[in-house]
Each structure stands twice: as C-alpha cells, then as structure tokens.
Amino acid sequence: MAISGWFVALVALGAIPIVVTGDWYWMLVWPAITLLIGLADLWLAASPRKLLIRREVPSRVRLGESALCQLTVENTNRRAARGLLRDAWQPSAGANPSRMPIRVPGGERRRYSLTLTPIRRGERKVSQFTIRTFGPLRLVARQATLNLPGRIRVLPPFNSRKHLPSRLAMLRELEGRTPVMIRGQGTEFDSLREYVRGDDRRSIDWRATARRHDPQGGNRLMVRTWRPERDRQVVIVIDSGRTSAARIDNEPRLDTAYESALLLAALATHAGDRVHLLIFDRRVRGRVQGVSGPELLSRMVDTMAPIDAELIEPDWAALPGLVRSITNQRALVVIATSIDAPGASTGLLSVLGQLTTKHLVLVSSVTDPAVLEATRDRSGREEVYRAAAAERALLDISRMAAAIRQLGGEVVTGPPQELPPALADQYIALKAAGRL
Amino acid sequence: MSTIETAATKAPEETPTVRARLRRARFWILIALALLLIIGIAFIILKPSSAGLALSASDPSPNGAKALAEVLKQQGVEVTIADSMDEVRDSPAPIQQTTIFLYDPSSFLNDSKLLELARYSSVLVIMEPTFSQLLALAPEVAQAGPTKGTASAGCDYRPATQADQIATDGTAFRMIEAAPGAEACFDSGTGTDEKSVIVLDRDSKSLVIVGTHDAFSNGAIDQLGNAALALGVLGSKDNLIWFMPTIREADAGALSLVDLTPAWVTPLLSFALIVFVAAAIWRGRRLGSLVVENLPVVVPASETMEGRARLYAAGSARLRALDALRVGTVARISQYCGLPRSATVNEVINAAARLTNRPVSELEALLINSEPAGDAEFVSYSDRLLSLENAVKKALLPGDLTPSDPNKGKQE
Chain A
130 MAISGWFVAL VALGAIPIVV TGDWYWMLVW PAITLLIGLA DLWLAASPRK
180 LLIRREVPSR VRLGESALCQ LTVENTNRRA ARGLLRDAWQ PSAGANPSRM
230 PIRVPGGERR RYSLTLTPIR RGERKVSQFT IRTFGPLRLV ARQATLNLPG
280 RIRVLPPFNS RKHLPSRLAM LRELEGRTPV MIRGQGTEFD SLREYVRGDD
330 RRSIDWRATA RRHDPQGGNR LMVRTWRPER DRQVVIVIDS GRTSAARIDN
380 EPRLDTAYES ALLLAALATH AGDRVHLLIF DRRVRGRVQG VSGPELLSRM
430 VDTMAPIDAE LIEPDWAALP GLVRSITNQR ALVVIATSID APGASTGLLS
480 VLGQLTTKHL VLVSSVTDPA VLEATRDRSG REEVYRAAAA ERALLDISRM
530 AAAIRQLGGE VVTGPPQELP PALADQYIAL KAAGRL
Chain B
4 MSTIETAATK APEETPTVRA RLRRARFWIL IALALLLIIG IAFIILKPSS
54 AGLALSASDP SPNGAKALAE VLKQQGVEVT IADSMDEVRD SPAPIQQTTI
104 FLYDPSSFLN DSKLLELARY SSVLVIMEPT FSQLLALAPE VAQAGPTKGT
154 ASAGCDYRPA TQADQIATDG TAFRMIEAAP GAEACFDSGT GTDEKSVIVL
204 DRDSKSLVIV GTHDAFSNGA IDQLGNAALA LGVLGSKDNL IWFMPTIREA
254 DAGALSLVDL TPAWVTPLLS FALIVFVAAA IWRGRRLGSL VVENLPVVVP
304 ASETMEGRAR LYAAGSARLR ALDALRVGTV ARISQYCGLP RSATVNEVIN
354 AAARLTNRPV SELEALLINS EPAGDAEFVS YSDRLLSLEN AVKKALLPGD
404 LTPSDPNKGK QE
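From first to last, the protein sequence lines stand for chains A and B.
Sequential numbering from 130 applies to the first sequence in this note's numbering.
Sequential numbering from 4 applies to the second sequence in this note's numbering.
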C-alpha cells in the first residue's frame with residue numbers, strides 16, 4: 130500500500146473545519162473521513178499482482194552505447210490499471226527512466242520501453258520490478274514487488290577500434306595489395322611481376338628477367354615480391370591478478386589490456402594469423418581458442434565482459450603449461466601485465482626464459498602518465514621528493530624491461546590511450562621483419 | 004542482436020499480501036495490544052496521590068504524617084485529604100466546624116486562593132508558610148530562619164500549654180507588628196523572639212502558623228509533647244481538611260499566551276502533526292526495495308609512488324632521492340644524445356659537457372659526487388639537474404648533432 134500527495138492534501142484540508150469551528154472534534158472526525166475515502170479508493174484500485182509483465186532486453190551491449198529494454202504489461206484485471214512501474218535495474222545499468230507512469234485498460238496490454246546506458250562493464254542484472262496501482266481517485270495505491278530476473282552483458286567498449294583502419298592499411302601494404310611493393314617486407318616468396326617505377330631495385334630477379342620473352346620486343350624487368358607469413362599463432366595472455374586492478378587515468382589496467390588485446394586480435398585475424406586468448410590469475414578465468422574470422426572478436430568480448438581483476442597474485446609458473454596446451458608451434462605470446470616493481474614480477478621473469486626459447490614473447494604494460502608528470506614537478510620540497518620517487522618508479526620499470534629483453538622478450542609500454550596502437554605497431558613491425 | 008525474453012507468466016511475488024503480512028506480524032500485534040491494555044488499566048487504577056510527599060496524611064514513612072491523621076480519625080475528627088481547591092470547595096462540612104491544614108512549600112496557591120481557604124475554614128493551620136503566603140495571610144508575621152532544639156510553651160494558647168515541651172525542629176517566626184489577640188508560643192530561647200507557633204485572631208476565626216515541621220511527622224511525633232500540640236492544633240473542630248496542593252493548582256499569571264491565542268490554534272497545531280505523519284508515509288514509501296550492486300575495488304596505481312615519496316621525505320633520505328633524480332637525468336640526457344643504453348655515466352657526462360660547454364668536473368660533482376646537506380640544498384640540486392637537462396635539450400634543438408656524433412662513433 131502507498132498513499133499519494135493528493136491524499137496528504139486531502140488530510141491537510143481538515144485544517145479548514147478546525148479553523149472555522151475551533152473544535153477538537155474535527156481532529157478525529159476529518160482523518161476518519163479521509164481514511165474511509167482512502168479505503169474505498171484502495172478497494173477500487175486494480176491488483177498489481179494481476180499484471181503480467183514480459184521483459185525484452187538485448188543480450189549484450191557495448192559499454193558506452195545504449196540498449197532498449199521493452200516491457201509489455203498485460204492487465205488481467207477487469208479494472209484499468211493506472212500507476213507507476215519501476216524496473217529495478219542495478220544503478221550501473223543506467224536505466225532511464227527508472228520509473229514510469231503506466232495506464233493499461235482492463236484486459237489489454239501496453240508496451241513501455243526504457244533505455245539502458247550501462248556505466249560499467251560486466252553482467253548488469255535486474256531481479257524484480259515494482260508496480261504501484263492507484264485507485265480512481267488517485268489517493269491510495271496498491272503496491273507489489275514481483276520477481277522477474279533479467280540480465281544484460283556489457284561488453285568492453287573497444288575504443289581502440291578507431292586505430293584499426295590505419296593499421297589495416299599498413300598491413301595491406303605489407304601484403305602487397307597496394308601498388309607500391311617494397312623489398313624486404315616479409316620473408317615468404319609470393320610471386321614475380323613486372324617492375325614498376327618505385328620498386329626497390331634490389332628486388333629485381335635477373336634470372337626471371339632473362340627467361341622472360343616479351344612479345345612486344347625489348348626487355349621488361351621482373352621483380353620478386355614477398356609477402357608476410359600467414360597462419361602464425363598469436364597467444365594473448367591477460368593477467369587478471371591484483372596489479373591489473375590498479376587504475377591508471379581512471380581506467381583499470383585490465384581494461385587497457387582488453388583494449389589492446391582486441392585491437393591486436395582484429396589486426397591479426399585480418400593478417401591471417403590464428404589468435405588465442407587467455408585470461409588468468411591463479412586459474413584460467415577466460416579462454417578463447419580455435420576461433421577465427423569475425424566470430425573471434427565477439428567471442429573475445431563476450432569472454433572478457435564479466436571478468437574483473439581479483440586481488441590475488443597470478444600463478445606465473447603455470448603459464449608455460451597453459452601456452453603449451455594452446456599450441457605446440459612457435460607462437461607470438463603477448464603478455465599483458467604490469468612491470469612496475471621487480472619484486473612483484475619475479476614470478477614472470479622466472480618463467481620467461483622457458484617461453485622465449487620456443488616462442489616470441491611480447492610483454493605489454495601500461496605506464497602511468499601521472500608518474501611522468503611527477504618527475505617534472507620540482508616546485509617545492511614535497512614535490513621534489515615526489516619527483517625522486519617517480520624517477521625511482523621509472524627506473525624500476527626500465528630495469529624490468531631490460532631484464533625481459535635480456536631473457537629474449539620484447540617490451541611495449543605506454544599510457545592507457547597509446548598502448549593499444551603501440552602494441553599493434555609492434556606486431557606489424559615484427560611481421561614486417563618476418564620474426565613471427 | 005539476440006534478445007532475452009522473459010515470459011509473461013505470473014511472476015513470483017516478492018511483496019507479501021496484506022493477509023500474509025498480518026499473519027507474520029500476529030505475535031507482535033498481540034504483544035502491542037496486550038501492552039496497550041496493561042497501560043490503560045494502569046492508567047485507570049493508579050491515580051496520582053500525595054503519598055511520598057513530606058507530611059502527607061497517607062504516607063507511613065518517617066517523613067509522612069499518617070500517624071497523626073489516623074489518631075485524629077480515632078478521636079472522631081472527620082479527616083478529608085484534598086489536593087485541589089475544588090475538593091476544598093466541595094467539602095460538605097459546615098465552615099464553622101472545619102479546620103484546614105495547609106502545607107504548600109512550593110507556593111502553588113496564589114493570594115486569592117489563600118484568602119479563599121481562610122474563608123472556607125474556621126481554623127486555618129499553615130505549616131511552614133513561605134514569604135508570599137505570610138504576606139497574603141499574616142503580614143504582621145515574618146520568617147526568622149530555621150531553628151532546632153526544644154522549647155516550652157510560654158503562652159496562653161491551649162494546645163501549646165497542653166503540650167508544654169516540644170521539639171522545635173523546623174522554621175521559626177517573629178511578630179513584627181503588634182496584633183490584638185495574637186499568641187506567640189515556644190520561644191527558641193536565643194533572645195531574638197523566635198517563635199515556633201503563632202496564633203492570630205481573625206474575626207472570630209483563627210490562623211495558626213506552625214513552624215515545627217518535624218513535630219508533626221511520623222518520625223518525631225512521639226517525642227515530648229509533639230503529639231499533644233499536633234492533636235490540639237488540628238483536632239479542635241469536627242472536620243479537618245488536609246490540603247496539600249499539587250502543581251495543577253499553580254496558575255501561570257494573569258493573561259497567558261494561551262488566553263490570547265484563538266481557540267483553533269492548539270487543535271490546528273495538533274492536526275499539523277497528523278498531516279506531517281501522512282506526508283512522511285507518502286514520501287517514505289519506497290517503490291520496491293533497494294538494489295544491491297557489487298562495486299569494483301578502486302586501486303590508484305600511483306599509490307606506491309606517493310608512499311615512497313612520503314618515506315623519502317619522512318626519513319630525509321636526500322642522497323637516495325637525489326640519486327634517483329640523477330639516474331633519471333642521466334638516462335634522459337643519454338637518450339637525447341643518442342647514446343646506447345649501455346653507455347656509462349662518464350660517457351654521458353662527457354657528451355653533456357661538450358654540448359653545454361660546462362667543465363666536466365662541475366657535471367661530475369652535480370651528477371655523481373656531491374651530497375646535499377639539507378633540504379634546501381637538495382631542492383637546489385634538483386633544480387640544477389633540471390636546468391642541465393634543459394640546456395642539453397636546447398643545445399640539440401637547432402638540429403646540430405655534431406657533438407654527439409663522434410661519441411656515437413666511439414661507442415660502436
């Protein structure tokens with residue numbers, strides 16, 4: 130049961146007889162009258178329990194975009210149901226409007242819709258809805274909360290997809306789909322073709338030129354073209370341990386890792402490589418394996434969506450085994466983690482040697498722009514000490530990077546916005562150098 | 004995109020129906036009803052009484068005066084216990100045969116009520132009158148402070164002579180004007196005319212002012228002639244009204260705010276409370292329960308850096324902090340000059356000295372050797388490091404890379 134502001138106004142009207150007569154008697158009589166009117170109104174209100182509701186909601190939405198949630202309200206009362214409906218989504222689902230007026234004649238159905246603009250990645254849930262139906266006088270309402278679970282999966286935003294077209298263009302240049310071919314791009318022999326101005330003269334195949342008989346007379350030079358390797362294995366390992374929970378530029382490291390993994394996966398599938406994803410800390414939290422083509426990205430975002438960083442130390446010793454379980458061939462192993470402190474990363478360093486003997490290992494780590502900024506601020510005593518601590522942090526990172534390079538790995542670092550394209554560039558560079 | 008549909012079957016209910024709710028709350032409703040019943044019965048049975056007050060006629064404790072009242076009853080005096088003026092007014096006893104015993108230490112009665120008491124009685128006995136009571140009824144008598152000890156009658160007032168010797172513990176009074184027919188008894192013996200009982204004649208009625216508070220109480224009435232005095236003073240007539248006014252007799256002045264406000268103001272204010280409760284119910288009713296959501300942990304990444312900075316500052320680890328700054332500067336200068344990562348500090352210093360035209364020894368002192376003595380010096384070193392870095396950058400800006408080139412050649 131609930132009362133409306135009109136009911137309060139009706140009660141307040143009792144002030145008039147009290148002022149006119151100055152009698153205590155009205156103090157009891159007027160509330161009794163309003164109570165009777167209210168009870169009559171309540172009796173005439175439609176039962177909220179007899180409203181049947183169907184909720185249609187998209188199964189997934191990208192973070193930052195909106196989805197339409199539709200509610201069909203069927204009134205099995207004989208009376209019209211007028212009142213308020215609240216679909217109790219979690220606050221981070223960003224339901225708007227959070228409550229809406231409804232008016233459904235008896236025996237009919239109406240459709241209402243609300244937009245969901247989630248503000249956090251993961252599973253956003255709704256477990257119940259509440260209906261308040263007013264009587265014909267709109268004084269008193271019946272109210273009931275009914276269970277009707279629903280959910281929407283909020284996928285990582287993949288903001289870095291804006292970098293994809295430029296990187297794809299670079300890739301196409303590598304593959305020779307552009308007229309300008311540069312020798313040395315790729316190591317796999319592709320084909321012979323006629324020389325055009327701009328080709329590297331070192332790629333002219335003299336033997337093929339000599340063999341070629343030109344019907345029109347004269348000699349045309351032939352050049353060899355190369356294309357990058359295809360069907361290489363790319364294993365992306367994302368660390369979902371405690372260091373990934375840290376926020377840099379108001380974005381958890383894990384989300385940056387997702388962004389760079391998605392961009393790299395999009396690029397690598399276009400380049401014809403096989404991409405596998407592994408999200409793990411002490412156990413495998415998510416795995417995408419053996420999927421190719423357009424389905425890969427959707428499977429990846431779907432796997433990533435509900436996974437948040439946990440405050441535990443990742444079990445790096447299990448990593449070589451996990452990579453072996455995915456592929457036996459030589460692969461590009463991209464490890465998205467943080468290399469802030471040598472103490473915290475000893476686990477990673479101890480297994481890196483095992484990985485680099487067989488695979489090409491690329492460690493990507495987010496750097497904090499706040500640290501770089503702190504090194505430049507020398508305005509006072511506190512700030513200088515802070516700058517010293519920041520320098521010390523940078524030194525730690527560079528020592529870690531040096532250690533990783535010593536073990537045969539590659540390192541890519543960058544602030545959250547720049548890391549995904551930097552990783553993509555590194556991948557293209559590796560591909561161009563034929564190191565995959 | 005595929006959609007999840009939840010079927011339009013009847014959803015399980017979260018809110019219990021009114022009947023279910025009543026059933027669940029039955030125990031508490033019964034308890035509340037029982038409590039209300041008990042409170043109501045108690046309200047009806049237990050009326051407020053004067054028991055517990057000093058000199059109350061129904062209090063058997065040492066401070067009360069039940070013994071006196073009971074003995075008076077046995078002697079045939081009709082004792083009526085009153086705590087309001089109305090009870091005194093409604094007394095059926097004839098005024099000629101009525102004694103009123105008034106004990107009002109808090110001065111709840113105003114002057115007109117006191118005079119009214121004098122009218123309703125043939126003998127008015129006032130126990131320990133206050134200043135205002137004396138002013139209204141006996142302006143010729145004044146208070147003389149507390150007194151203690153024993154005294155003998157020393158007057159012609161019959162109950163006093165019968166008592167002969169009493170304990171005078173209580174208040175003493177003094178005649179400050181001569182009054183015809185007045186009797187002052189039980190002098191304290193200090194030579195200052197302090198009397199414990201004063202009897203005044205008022206047109207064939209008498210007004211007895213008694214200060215011997217303890218002599219009338221249960222605890223001390225059996226000592227000396229206390230009982231004889233008390234019985235004599237109070238038992239002279241057939242009826243006795245034992246009047247101890249309560250706070251309800253007090254009035255709040257001539258024209259109070261209540262008299263000036265219209266009659267509807269108080270009901271309206273009370274009614275506003277009802278409206279307030281209704282509005283509270285209106286605003287307080289939630290549209291369904293709160294929704295639970297797990298929030299992510301927020302771990303600011305730069306926390307370790309800030310912590311280390313505070314540690315440096317707290318421990319005044321100037322040299323360590325300065326070394327960190329130096330390492331950063333050396334690394335950046337080496338990067339600007341295009342030196343390899345493996346370049347030693349001395350190579351970087353040489354390159355920087357050549358670029359900025361500064362002596363090598365100065366840079367060595369700045370970048371390696373010197374130790375800061377205090378925080379001010381530490382800050383100045385940091386500034387110099389920064390200016391050196393800027394100088395190197397500036398020297399390289401015009402695109403003149405010659406100074407670093409031979410260096411590079413040496414490295415390879």
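We put the beta carbon where it would ideally sit given N, CA and C, even for glycine.
Review point. Is the Cβ of Ser53 (chain B) closer than 8 angstroms to any Cβ of chain A?
Key: Per-residue confidence for Ser53 (chain B) stands at a pLDDT of 49, beneath the threshold of 50, marking its modelled position as unreliable; no derived number is given.
Check your understanding: Any C-beta of chain A sitting closer than 8 angstroms to the C-beta of Tyr339 (chain B)?
Key -> By this cut-off, Tyr339 (chain B) is not an interface position.
Point to revise | Contact belief for Leu407 (chain A) with Val352 (chain A) at Cβ below 8 angstroms, rounded distance in angstroms | key: About 41 angstroms; that fails the 8 angstroms criterion.
Review point. Whose C-beta lies closer than 6 angstroms to the C-beta of Leu293 (chain A) among residues of the same chain, with five residues either side of it excluded?
Key: Ala395
Point to revise | Three-state class that DSSP yields for Gly148 (chain B) in the structure shown | key: Gly148 (chain B): strand per DSSP, three-state reduction.
Point to revise | Supposed close pair Leu213 (chain A), Arg183 (chain A) - CB separation, criterion 8 angstroms | key: Actually they are not in contact, since the Cβ atoms of Leu213 (chain A) and Arg183 (chain A) sit about 18 angstroms apart, beyond 8 angstroms.
**Study point:** Where Leu154 (chain A) falls, given that 16 or more other Cβ within 10 Å makes a residue buried
**Key:** A quick correction: the sequence has Tyr, not Leu, at residue 154 (chain A). Tyr154 (chain A) should be labelled exposed.
Check your understanding: Given a threshold of 16 other Cβ atoms within 10 Å of its Cβ, counted over all protein chains shown, does Phe189 (chain B) qualify as buried or as exposed?
Key -> buried
Practice item. Leaving aside the five residues before and after Ser443 (chain A) along the sequence, list all residues of the same chain whose C-beta is less than 6 angstroms from its C-beta, in chain order. Key: Note on residue identity: the sequence assigns Pro, not Ser, to residue 443 (chain A). Taking C-beta separations shorter than 6 angstroms and ignoring five residues to either side along the sequence, the partners of Pro443 (chain A) in its chain run Asp368, Gly370, Asp410, following chain order.
**Study point:** Classification of Lys76 (chain B) by the beta-carbon crowding that lies within 10 angstroms, buried from 16 upward
**Key:** With a threshold of 16 other beta carbon atoms within 10 Å, Lys76 (chain B) falls short and is exposed.
Check your understanding: Name the chain A residues whose beta carbon is nearer than 9 angstroms to that of Ala376 (chain B)?
Key -> Within chain A, no residue comes near Ala376 (chain B); the closest Cβ sits about 14 angstroms away, beyond 9 angstroms.
Check your understanding: Mind checking whether Asn113 (chain B) and Gly222 (chain B) have CB atoms under 8 angstroms apart?
Key -> no
Practice item. Pull up the distance between the alpha-carbon of Ala375 (chain A) and that of Pro375 (chain B), whole angstroms please. Key: 35 angstroms
Exercise for review: Compile a chain-ordered list of the residues in the region 431-445 of chain A whose CB is closer than 7 angstroms to at least one CB of chain B.
Suggested key: Residues Asp437, Leu440.
Review point. Quick one: is Leu501 (chain A) buried, meaning 16 or more other Cβ sit within 10 Å of its Cβ, or exposed?
Key: exposed
Review point. Asp204 (chain B) lies in the beta strand (DSSP E); which residues open and close that run?
Key: 198-205 is the span of the beta strand (DSSP E), which, as asked, contains Asp204 (chain B).
Exercise for review: Name the one or two DSSP bridge partners that Val128 (chain B) has.
Suggested key: B:Phe104, B:Val211
Check your understanding: Got a sec, what are the start and stop residues for the alpha helix (DSSP H) Gly167 (chain A) sits in?
Key -> 154-173
Exercise for review: Identify each residue in the region 286-297 of chain B for which the Cβ-Cβ distance to at least one residue of chain A is less than 7 angstroms, and report them in chain order.
Suggested key: Arg288, Leu290, Gly291, Ser292, Val294, Glu296
Exercise for review: Determine the DSSP secondary structure at Asn288 (chain A), reduced to helix, strand or coil.
Suggested key: If DSSP states are grouped into helix, strand and coil, Asn288 (chain A) belongs with the helices.
Exercise for review: For Gln219 (chain A), return the contacting residues in chain B, with the cut-off set at a CB-CB distance below 7 angstroms.
Suggested key: Val294, Glu296
Check your understanding: So which residues of chain A does Pro343 (chain B) contact, with C-beta pairs closer than 7 angstroms?
Key -> Neighbours of Pro343 (chain B) on chain A: none; closest Cβ ~12 angstroms, over 7 angstroms.
Practice item. Determine the extent of the alpha helix (DSSP H) in which Trp335 (chain A) is found, giving its start and end residues. Key: 335-340
Review point. Between the Cα of Ile244 (chain B) and the Cα atoms of B:Asp107, B:Leu58, B:Ser124, B:Gly377, which residue gives the shortest distance?
Key: B:Ser124
Check your understanding: Who pairs with Glu81 (chain B) in a beta bridge, going by DSSP?
Key -> Assignment of beta-bridge partners to Glu81 (chain B) by DSSP yields B:Asn242.
**Study point:** Closest Cα partner of Leu389 (chain A) within the set A:Arg528, A:Arg211, A:Pro286, A:Ala224
**Key:** As written in the sequence, residue 389 (chain A) is Ser, which differs from the Leu given in the question. Out of A:Arg528, A:Arg211, A:Pro286, A:Ala224, A:Pro286 has the C-alpha closest to the C-alpha of Ser389 (chain A).
Check your understanding: Along the chain, which unbroken stretches of the beta strand (DSSP E) at least 3 residues long are found entirely within the region 25-55 of chain B?
Key -> none
Check your understanding: How many whole angstroms separate the CB atoms of Arg280 (chain A) and Arg253 (chain A), which I take to be in contact at a CB cut-off of 8 angstroms?
Key -> 7 angstroms
Review point. So which residues of chain B does Thr504 (chain A) contact, with C-beta pairs closer than 7 angstroms?
Key: Gly331
**Study point:** Arg329 (chain B) versus Gly341 (chain B) - alpha carbon distance
**Key:** Taking the straight line from one Cα to the other gives about 18 angstroms.
Review point. Any Cβ of chain A within less than 8 angstroms of the Cβ of Leu120 (chain B)?
Key: No, Leu120 (chain B) lies away from the interface with chain A (no Cβ there is under 8 angstroms from its Cβ).
Practice item. On a CA-only basis, which of B:Lys240, B:Ser239, B:Ala218 is nearest Ala230 (chain B)? Give me that one, please. Key: B:Ala218
Point to revise | Rounded C-alpha distance that separates Lys205 (chain A) from Lys179 (chain A) | key: The sequence given here places Thr at residue 205 (chain A); Lys does not occur at that position. Taken atom to atom, the span from the alpha-carbon of Thr205 (chain A) to that of Lys179 (chain A) is near 6 angstroms.
Practice item. Go ahead and pull the three-state DSSP assignment for Val309 (chain A). Key: Low confidence applies to Val309 (chain A): its pLDDT is 42, below 50, so where it sits in the model is not reliable enough to give any reading.
Practice item. Tell me, to the nearest whole angstrom, how far the beta carbon of Leu298 (chain B) is from that of Leu358 (chain B); I am working on the premise that it is less than 8 angstroms. Key: Not a contact, Cβ separation roughly 53 angstroms.
Practice item. Scan the region 484-550 of chain A and note each continuous beta strand (DSSP E) run of 3 residues or more that stays entirely inside, going in chain order. Key: 489-495, 539-543
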